[in-house]
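Numbering (the UniProt record's numbering), first residue to last: 1 to 631.
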């Protein structure tokens, strides 16, 4: 229950040194018995909220920053807007550039995508909801090392994939899915196994997108997470993906990436280059630094008490997540002594306080040994430091602002190893390599990986770190963001709702919508390719494959006498086409409209020296002559 009362109405003995009213359960019942009177007087006086009544260990009630209508507006309204925009671009390409949609173009985007668009697509595909939400969670939990290890641990795979990208263009230039390579090299059994792995990877990624995104939309607007998870893929991804194929997802990804970076700039300047709100917890790098230092000292001095003084303990969530970070010694007056220190973990049964005390630890309060520097975080987690002069009242205080973090390093190792599977087994990245030009594949992936690093690192060093600094905000308190809320990805929502108000909540909502739809569309087209080329094309209708291979064989054998250095002179294209007709390459009569499309396509690929690459000539014939198209 949220009560708006003034400082005079809250008993003085319940006010901490920071001016926050902490009410016991008994006092809460007493206050609730006069709730009507209190609420009436509060509304009449229109005073700001200064006391929140809740049971110890529970987080306070938090109203949504935006109304439910905003959630429906973004999910439906922006979904329709981006669908119309992307479908319009795809239609423009088909009508004015002479591109004819085929299954080949649908799944490969013509295999001629440049460096910039490839990099933008990689950034967009690798920016999941978790990239925005859970990176902030790591910054909130372990401090500065969390954002770095989240970003670095997921950049390595993209950079290494660039090596595979160029090999795809060199050795399997006509592939559609990486399972086709597996089938050719290892046979049917391995092919089927990899199909299962690939589909499961796509399902896991899609589930993470929808669940994380829907939970945040609900936290920001109150919209039903079930409806959000149902409507986002249907209205915001499915329509334009099914209409324009891979090229449509590339267009959408470029726009989505642009919007995401614009909003990251807004977050960064608000946190590190603004006037703040008067709390001196954000607005500059110095304020954030001081806020994090104050939060750490609060955790080790106020939220950790001896058994004799546990009635005075205040709350601070997730101390165990950063207690092993490198820190410094502070004296009893909370002055930094300039000496480095660190906590080490003890065995599960090596308690710092009595065994009876372990059951009273709530996860937000902690017990400290009366003599020495030993802290019980939970019934199974106990930490001790021997680096400070405890006899003279010195205690070790772990820092949020250090890279020397065992928790952060362990997460980084796990992140690096785990993300190899989500990249190398995700068909969407292989499709980006397939779609890129040979000379664009490597640079596109390298540039995309380096640019993507900025997304989680920037997101976490703004929202994650400021989320911890807001622990010291007198109007919010330490339970404004709990471990449960941060683990659910709600740190950015809580932070931006405070520092930017409803506008910040809407910006985050739109940014999250961009991340979900761009990656979601890539997953849709990836699954489509797998089901088409590895299931239907290979096992359900293999005759289609034989027909394709036969026609490709006719083309290759015919073009040999007309090409030089894998190019054909434009003057020799017409004789080549006549020879294709004689060799029964075209099963149906070519219409005048198809001839016009073919001429347009050939002209678009013709180089200044009046030559056209053999591969481009094949694509032109295959795409323009739709009545004979087999791809």
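A virtual CB, placed ideally from N, CA and C, is assigned to each residue, including glycine.
- Under the three-state reduction of DSSP output, residue 471 falls in the helix class.
- Exposure of residue 591 is indicated by the presence of fewer than 16 other C-beta atoms within 10 angstroms of its C-beta.
- Between the C-alpha atoms of residue 515 and residue 374 there is a straight-line separation of about 43 Å.
- About 4 Å separates the beta carbon of residue 256 from that of residue 518, a gap short enough to meet the 8 Å contact definition.
- In this structure, the alpha-carbon of residue 251 lies about 11 Å from that of residue 124.
- Within the same chain, Cβ atoms closer than 7 Å to the Cβ of residue 406 are found at 324, the five residues on either side in sequence being excluded.
- In the three-state reduction of the DSSP assignment, residue 189 falls in the helix class, which pools H, G and I.
- The criterion of a C-beta distance shorter than 8 Å is satisfied by residue 441 and residue 169.
- The alpha-carbon separation between residue 388 and residue 329 amounts to approximately 6 Å.
- Taking all protein chains in view, the Cβ of residue 118 is crowded by 16 or more other Cβ atoms within 10 Å, so the residue is classified as buried.
- A residue is called buried when at least 16 other Cβ atoms come within 10 angstroms of its Cβ; residue 151 meets this threshold and is buried.
- Cα atoms of residue 79 and residue 449: separation of roughly 27 Å, rounded to the nearest angstrom.
- Around the Cβ of residue 463, a 10 Å sphere holds 16 or more other Cβ atoms; the residue is buried.
- Here residue 556 carries a helix assignment [DSSP, helix/strand/coil].
- At the C-beta level, residue 105 and residue 281 stay beyond 8 Å of one another.
- When DSSP states are grouped into helix, strand and coil, residue 397 belongs to the strand group.
- Three or more beta-carbon pairs separated by less than 8 Å link the segment 292 to 310 to the segment 388 to 400, which places the two stretches in contact.
- Residue 569 carries a strand assignment under DSSP once its states are collapsed to helix, strand and coil.
- Between residue 500 and residue 66, the C-beta gap is not smaller than 8 Å, which leaves the two residues out of contact.
- When C-beta atoms of the segment 358 to 374 are compared with those of the segment 308 to 317, three or more pairs fall below 8 Å, so the two segments count as touching.
- A residue is called buried once 16 or more other Cβ atoms fall within 10 Å of its Cβ, and residue 563 is buried on that count.
- By the criterion of at least three beta-carbon pairs nearer than 8 Å, the segment 473 to 483 is not in contact with the segment 194 to 204.
- For residue 416, the enclosing alpha helix (DSSP H) starts and ends at 406 to 424.
- Of the residues assessed, residue 175 falls on the buried side of the cut-off, its CB having 16 or more other CB atoms within 10 angstroms.
- Here residue 366 carries a strand assignment [DSSP, helix/strand/coil].
- Per the coordinates, the alpha-carbon of residue 195 lies some 30 Å from the alpha-carbon of residue 616.
- Under the three-state reduction of DSSP output, residue 257 falls in the helix class.
- Taking a cut-off of 8 Å on C-beta distances, the segment 579 to 586 touches the segment 546 to 560, as three or more cross pairs fall below it.
- DSSP lists 273 as the beta-bridge partner residues of residue 284.
- When Cβ pairs closer than 8 Å are counted between the two stretches, the segment 174 to 188 is seen to touch the segment 531 to 539, the count reaching three or more.
- For residue 439, the three-state secondary structure derived from DSSP is helix.
- Nearest C-alpha to residue 423 among 160, 380 and 69: 160.
- In its chain, beyond the 5 residues on either side, 64, 66, 68, 70 and 71 have a beta carbon closer than 6 Å to the beta carbon of residue 221.
- When the Cα atoms are used, residue 192 and residue 381 turn out to be separated by approximately 45 Å.
- By the neighbour-count criterion, in which a residue is buried when 16 or more other Cβ atoms sit within 10 angstroms of its Cβ, residue 413 is exposed.
- Three or more Cβ pairs closer than 8 Å define a contact, and the segment 565 to 572 falls short of that threshold against the segment 212 to 226.
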